[in-house]
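The numbering of the sequence shown is UniProt numbering, which starts it at 1 and goes up by one. We put the CB at the ideal spot given by N, CA and C, even for glycine. Treat the numbers as computed from the prediction; the structure is a model and nothing was measured.
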Amino acid sequence: MACKYLRRRCAPDCVLTSYFPVSQPSPLRRRPPGLWRQQSRKVARGSSYSLPVDERAQAAETMAMEAQWLVEDPVYGCDGIISQLQEEIQPTQCKLTRTRAQLAIVPVHGA
Numbered sequence: 001m002a003c004k005y006l007r008r009r010c011a012p013d014c015v016l017t018s019y020f021p022v023s024q025p026s027p028l029r030r031r032p033p034g035l036w037r038q039q040s041r042k043v044a045r046g047s048s049y050s051l052p053v054d055e056r057a058q059a060a061e062t063m064a065m066e067a068q069w070l071v072e073d074p075v076y077g078c079d080g081i082i083s084q085l086q087e088e089i090q091p092t093q094c095k096l097t098r099t100r101a102q103l104a105i106v107p108v109h110g111a
């Protein structure tokens, strides 16, 4: 597991090789290994998370995206994006509630 600590090529038997190939740069390589090492190994093996094999690639991709967001925003990471999206959703939900209330007041023709 030299790739974790020394950022060298993965060993051929590494469980993460298929999810994070050396040929494709991964944001995980820019992130300190201790922050993602245990989680990524568990996802790859499917041990603690009991992920089916067909869902492990999606989990690895999600971890790579989270690492990229952490590189872009070291303070908030993906939480910053979630907060921003929630701030965008809230006014729209208020508008929807007002519109539904207005529709409830309008009489239905032909009833």
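When the distance is taken between beta carbons, is residue j closer than 8 Å to residue i?
| i | j | result |
| --- | --- | --- |
| Glu66 | Cys78 | yes |
| Leu51 | Ala59 | yes |
Kindly indicate the opening and closing residues of the alpha helix (DSSP H) around residue i.
| i | result |
| --- | --- |
| Leu96 | 78-105 |
| Val75 | First-last for Val75: undefined, no H or E at that position. |
Do you know how far the Cα of residue j is from the Cα of residue i?
| i | j | result |
| --- | --- | --- |
| Gly80 | Glu87 | 11 Å |
| Ser83 | Val71 | 17 Å |
| Ile89 | Ala104 | 23 Å |
| Gln102 | Leu85 | 26 Å |
| Gln93 | Thr99 | 10 Å |
| Lys95 | Val108 | 21 Å |
| Tyr76 | Val53 | 30 Å |
| Ala57 | Thr97 | 39 Å |
| Pro91 | Trp69 | 25 Å |
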